[in-house]
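Please read the structure below before turning to the comments.
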Amino acid sequence: MHINELHLKDYRNYEDLHLFFENRINVIIGENAQGKTNMMEAIYVLGMARSHRTPRDKELIRWEQPFSRVEGQLTNRHGPAKMEVIFSKQGKKVKLNGLEKKRLTDYIGACTIVMFAPEDLALVKGSPQIRRRFLDMEMGQIYTVYLYYLSQYHKILKQRNQWLKDVAQNKTAKNEAFFEVMTDQLVEAGAEVIQKRFAFLQKLENWAQPIHENITQGTETLAIDYVPSAPVDASMSTDEIKTALKAEYVRLFEQEIRRATTVLGPHRDDLKFLVNGHDIQVYGSQGQQRTTALSVKLAEIELIYEKTGEYPILLLDDVLSELDDSRQTHLLDTIQGKVQTFVTTTNVGGIHHEMLEKATMFHVTGGSIDQTD
Amino acid sequence: MQYPQPISKLIEGFTKLPGIGPKTAARLAFYILDMNEDDVMDFAKALMNAKRELTYCSVCHHITDTDPCRICQDKDRDPSVICVVQDSKDVIAMEKMKEFGGKYHVLHGAISPVDGVGPEDIYVPDLIKRLQDETIQELIIATNPNIEGEATAMYISRLVKPTGMKVSRIAHGLPVGGDLEYADEVTLSKAIEGRRQL
Numbered sequence: 001m002h003i004n005e006l007h008l009k010d011y012r013n014y015e016d017l018h019l020f021f022e023n024r025i026n027v028i029i030g031e032n033a034q035g036k037t038n039m040m041e042a043i044y045v046l047g048m049a050r051s052h053r054t055p056r057d058k059e060l061i062r063w064e065q066p067f068s069r070v071e072g073q074l075t076n077r078h079g080p081a082k083m084e085v086i087f088s089k090q091g092k093k094v095k096l097n098g099l100e101k102k103r104l105t106d107y108i109g110a111c112t113i114v115m116f117a118p119e120d121l122a123l124v125k126g127s128p129q130i131r132r133r134f135l136d137m138e139m140g141q142i143y144t145v146y147l148y149y150l151s152q153y154h155k156i157l158k159q160r161n162q163w164l165k166d167v168a169q170n171k172t173a174k175n176e177a178f179f180e181v182m183t184d185q186l187v188e189a190g191a192e193v194i195q196k197r198f199a200f201l202q203k204l205e206n207w208a209q210p211i212h213e214n215i216t217q218g219t220e221t222l223a224i225d226y227v228p229s230a231p232v233d234a235s236m237s238t239d240e241i242k243t244a245l246k247a248e249y250v251r252l253f254e255q256e257i258r259r260a261t262t263v264l265g266p267h268r269d270d271l272k273f274l275v276n277g278h279d280i281q282v283y284g285s286q287g288q289q290r291t292t293a294l295s296v297k298l299a300e301i302e303l304i305y306e307k308t309g310e311y312p313i314l315l316l317d318d319v320l321s322e323l324d325d326s327r328q329t330h331l332l333d334t335i336q337g338k339v340q341t342f343v344t345t346t347n348v349g350g351i352h353h354e355m356l357e358k359a360t361m362f363h364v365t366g367g368s369i370d371q372t373d
Numbered sequence: 001m002q003y004p005q006p007i008s009k010l011i012e013g014f015t016k017l018p019g020i021g022p023k024t025a026a027r028l029a030f031y032i033l034d035m036n037e038d039d040v041m042d043f044a045k046a047l048m049n050a051k052r053e054l055t056y057c058s059v060c061h062h063i064t065d066t067d068p069c070r071i072c073q074d075k076d077r078d079p080s081v082i083c084v085v086q087d088s089k090d091v092i093a094m095e096k097m098k099e100f101g102g103k104y105h106v107l108h109g110a111i112s113p114v115d116g117v118g119p120e121d122i123y124v125p126d127l128i129k130r131l132q133d134e135t136i137q138e139l140i141i142a143t144n145p146n147i148e149g150e151a152t153a154m155y156i157s158r159l160v161k162p163t164g165m166k167v168s169r170i171a172h173g174l175p176v177g178g179d180l181e182y183a184d185e186v187t188l189s190k191a192i193e194g195r196r197q198l
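Chains as they are written, first to last, in our numbering: chain A, 1 to 373; chain B, 1 to 198.
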């Protein structure tokens, strides 16, 4: 996959920006607060129809403007494609080859994206919520059916939590037959979500392991574990997961009534990264956590290739200079000649010379970008 | 307000209808001014009559001008099968098909705690009471295939199943006459899930 052209209109600090990318490797250089990350975000938005930084689309519209547009010409496995995302006060619209897509699932996937930004270190260090979001975003790009079950799950969860709340406040009768119906629905969708997460993580681990071993020159073995809130494991079939989940909901019925909320399920699950058998969220050094995040991101690239038959776009926002020479060399080996990559940095000093030789350079100053050689 | 009061009142009335914005409302209002008076009278009467003369059937809760409704009174229809739907509009849709010869039960909604609708707030208890009639032997649940419609179907089936009555749920999956290649992944996976033996 290759983005050939990017056109931003009233996006963040860009009034009107038109760029061409002939090269696979593109380095964007600029001082802080000039718009480097905004540009990376725009490419992310082009593929994912949402920002990685904020859930509020309105923030993407340039100050006091009515709307904002991100448009890209790219070449993917089906040939040339034109993608467009428009944000306005009324909401957002996505267009693929000039046709509006009512469902985001018909749009996402035409341009897959892997981003590695400073916040990704939180993947290891941060809250479980960040790791679940990572799972949902990455899986959503390649498995449409996963997105469906996930959205069903969240709708049922909302209904079920509302009921529990209403019962606690005596607003509705404690109709246990109806509660059981909602639990059954939750189990149906939840088991699919859990089973698909197990399968995805198994694949991700298979790809991440050799990459991690390579980066650490054979000294570290990485494992990725799913930490479910219910007594289920990767060896179970979807039906077995359903049975186990159901039994756990029955067991915790009184507790759910008391706490007036759904206490277990995929929305309470987590992941764990282990290096040589130790949980690195707790025991890992900064460097180990960074290497792990990098291995996972590189594994994602391979996984997307395996699933879709083409490499995603890689966005490296302000992270390259944080990696030492050997890690950068490894990264370069992985993307060499196949992954279109966008890199931002404040200063080229920290970037491997081999990378710079191959790259097209762009200079950002206050909302405008110039290509330099 | 630049319009004279009678017409702005009329525009206001139209904008209350679903799918009609201020521009369409203004266009409709001005059209009515150009219509001849008899037609306008007929239209106004039709509006009033629809509201005044229609009630809900005391048996199935479908909209009707007679009570019980024509479907419930129809001797040629099979009283042993009841099709449960969410809305009166669904009865009309089913009737267009002309294949279903049983009777109906209109719930007027689906159970949805988020919208403050519990099982008692729609005609579920009434359905259970109606099923005590020995002549009814089969229930077809045709609520919408979304979370709330599905929950309502499962809930009714849970209440009715212990009595030994035959309960079924309408199928969902590929549309008839459609091409497989144009179906989205989710519909396809649902169709695979709901496959039947030949």
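Just so you know, even glycine gets a beta-carbon here, dropped at the ideal spot from N, CA and C.
- Between the alpha carbons of TYR14(A) and LEU8(A) lies a distance of about 7 Å.
- Contact annotation for LYS158(A) against chain B: VAL114 [CB-CB distance below 8 Å, chain order].
- SER168(B) has a beta carbon lying at 8 Å or more from every beta carbon in chain A.
- In the same chain as GLY72(A), and ignoring 5 residues on each side of it, the C-beta atoms closer than 6 Å to its own belong to ILE3, LEU6, LEU46 and MET83, in chain order.
- For ARG197(A), the enclosing alpha helix (DSSP H) begins and ends at 176-215.
- Only those residues of the segment 128-159 of chain A whose C-beta falls short of 8 Å from the nearest C-beta of chain B are listed: THR144, VAL145, TYR148, GLN152, LYS155, ILE156, LYS158 and GLN159.
- In the DSSP assignment, CYS60(B) falls outside any beta strand (DSSP E) and carries neither an H nor an E.
- Per DSSP, the continuous alpha helix (DSSP H) segment holding ASP239(A) begins and ends at 238-251.
- For ASN175(A), at least one C-beta of chain B is nearer than 8 Å to its own C-beta.
- Taking GLY164(B) as reference, the option from ILE136(B), PRO125(B) and VAL85(B) with the minimal CA-CA separation is ILE136(B).
- VAL40(B) is outside the set of residues whose beta carbon lies under 8 Å from a beta carbon in chain A.
- In terms of Cβ geometry, GLY277(A) and VAL124(A) do not form a close pair [threshold 8 Å].
- At least one CB atom of chain B sits nearer than 8 Å to the CB of PHE178(A).
- Taking the beta carbon of ASP166(A) as reference, the chain B residues within 7 Å of it are PRO113, listed in sequence order.
- Here ALA191(B) has GLY173 and LEU174 as same chain residues with Cβ atoms under 6 Å from its own Cβ, once five neighbours each way along the sequence are excluded.
- As the crow flies, the alpha-carbon of LYS165(A) is around 18 Å from that of ASP121(B).
- For PHE116(A), the closest alpha carbon among the candidates VAL27(A), LYS272(A), VAL296(A) and GLY109(A) is that of VAL296(A).
- The alpha-carbon separation between GLU256(A) and SER112(B) amounts to approximately 19 Å.
- Fully contained in the segment 60-97 of chain B are the following alpha helix (DSSP H) runs of length 4 or more, in chain order: 70-73 and 88-97.
- When C-beta distances to chain A are compared with 8 Å, the residues of the segment 156-186 of chain B below that value are ARG158, LEU159, ASP184, GLU185 and VAL186, in chain order.
- Taken in chain order, the members of the segment 181-213 of chain A whose beta-carbon sits within less than 7 Å of a beta-carbon on chain B are VAL181, MET182, ASP184 and GLN185.
- A straight line joining the alpha-carbon of MET139(A) with that of THR64(B) spans about 50 Å.
- One finds PRO113 and GLY118 in chain B with Cβ atoms closer than 8 Å to the Cβ of THR172(A), taken in chain order.
- About 6 Å separates the beta carbons of ILE215(A) and THR291(A), which is inside the 8 Å limit, making them a contact pair.
- The C-beta of GLN162(A) comes closer than 8 Å to at least one C-beta of chain B.
- Within chain A, the residues placing a beta-carbon under 8 Å from that of MET154(B) are VAL181, ASP184 and GLN185, ordered along the chain.
- CYS83(B) places its beta carbon less than 8 Å from that of ALA142(B).
- For LEU314(A), the closest C-alpha among the options GLN34(A), TYR44(A) and ASP10(A) is that of TYR44(A).
- Within chain A, the C-beta atoms nearer than 7 Å to that of GLU150(B) come from GLN185, in chain order.
- In the three-state scheme derived from DSSP, where H, G and I count as helix and E and B as strand, ILE20(B) is classed as coil.
- Residues of chain A whose Cβ lies closer than 7 Å to the Cβ of ILE128(B) do not exist; the shortest such Cβ separation is about 11 Å.
- Listed along chain A are GLN152, LYS155, ILE156, GLN159 and GLN185, each with a C-beta nearer than 8 Å to that of ILE147(B).
- Rounded to the nearest whole angstrom, the C-alpha separation of ALA191(A) and GLU354(A) is 47 Å.
- Comparing alpha carbon positions, the residue from SER168(B), VAL114(B), ALA93(B) and TYR182(B) closest to THR172(A) is VAL114(B).
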